[in-house]
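Following: one structure in structure tokens, then a few remarks.
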Amino acid sequence: MSTAAAIPTPGFDDPTLDAQRVFRAVLDALAHPGRRYPLRVPPVPPTAFGPGLAAVALTLLDEECSVWIAGAAGDDPALAAWLSFHTGVTRAARPADADFVVVTRASRPALADLAQGTDMDPHRSTTVVLDVRDLDAAVRLTASGPGIDGTVDVDAPWADAAFLDEWRANTARFPRGVDLLLVEDDHVSAFPRTTRLAVSDTTTEA
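Numbering-wise, the working numbering puts 39 at position 8 of the sequence shown, and it's gapless, one number per residue.
What follows is the structure in structure tokens.
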């Protein structure tokens, strides 16, 4: 293997400033559920992640946390080398052991199977980083709760048949429970565990 082939692709153009901007976007998304915020993305992201997931990984992952990655991306050697080089993150063997899980709609574990935190340390729960690129909007949800003025309607092609029931149980576990980041090619939105979700044409909350 040549030296050039062994060197992972670059991260951010300006690691400090770009990471700060992405971190602010993630914080704003969690503070204002359902709103989309633009991401500063790396110029050459790993193919298995794409620009948005790469930006979130460069910002949130480090040697003090663990990540579990679903599917083919989890087995991709180029992505593994890139994450190790740029973040030093530990790879968890199981989603239940991870601080972050990076998943698709099809590969998402049941929310109840992830780390929930404790009443004393709710921050020790898993954050679900959901890849929502290239999904067709088939479901529309109404969100309410802290950070939302009244309600907000959002397209949710990532919400499969099981999701609303799982999310209802997740919000009921507060202060325990998982938080959800929704990552597109160059935008992020979020639903923290405090957000209530319902199908838009019903009055049933989750």
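The beta carbon of each residue, even a glycine, is placed where N, CA and C say it ideally should be.
Predicted model only: the values in this text are computed from it and were never measured.
Just to confirm the assignment, what range does the beta strand (DSSP E) spanning residue i have?
i, result
"His117", "Run containing His117: none in the beta strand (DSSP E); it sits in the alpha helix (DSSP H), Pro108 to His117."
"Val209", "It is not in any beta strand (DSSP E) - Val209 carries neither H nor E in the DSSP assignment."
With 16 as the cutoff for other CB atoms within 10 Å, does residue i come out buried or exposed?
i, result
"Ile38", "exposed"
"Glu215", "buried"
"Asp184", "exposed"
"Leu161", "buried"
"Gln51", "exposed"
"Gly119", "exposed"
"Gly126", "First, the residue type needs correcting, since residue 126 is Pro and not Gly in the sequence shown. With 16 or more Cβ atoms within 10 Å of its Cβ, Pro126 is classed as buried."
"Phe116", "exposed"
"Pro73", "buried"
"Thr235", "Bear in mind that a pLDDT of 44 at Thr235, under 50, signals an unreliable position, so the number given afterwards is only what the model happens to contain. Burial call: exposed."
Can you give me the start and stop residues for the alpha helix (DSSP H) that residue i sits inside?
i, result
"Ala101", "Counting along the chain, Ala101 falls outside any alpha helix (DSSP H), and DSSP gives it neither H nor E."
For residue i, write down the residues that DSSP places opposite it in a beta bridge.
i, result
"Ser220", "Leu213"
Thinking residue i and residue j are a contact (beta carbons under 8 Å), I'd like their distance in whole angstroms, please.
i, j, result
"Val75", "Pro41", "6 Å"
"Thr202", "Thr173", "The pair is not a contact, with the Cβ atoms about 14 Å apart (cut-off 8 Å)."
"Pro206", "Asp150", "6 Å"
"Asp128", "Ser97", "7 Å"
Examine the ligand FAD and report whether any of its heavy atoms sits within less than 7 Å of the Cβ of residue i.
i, result
"Ala193", "The model depicted lacks the ligand FAD and carries no ligand whatsoever."
With a floor of 3 residues, list each beta strand (DSSP E) that falls wholly inside the region 118-203, ordered by position along the chain. For the region 118-203, the continuous beta strand (DSSP E) assignments of 3+ residues that do not extend past its boundaries occur at 131-134, 158-162, 171-175 and 182-186, in sequence order.
Could you give the uninterrupted runs of the alpha helix (DSSP H) lying entirely in the region 35-92, keeping only those of 4 residues or more? Counting whole runs of 4 or more residues, the region 35-92 contains the alpha helix (DSSP H) stretches 46-62 and 81-91.
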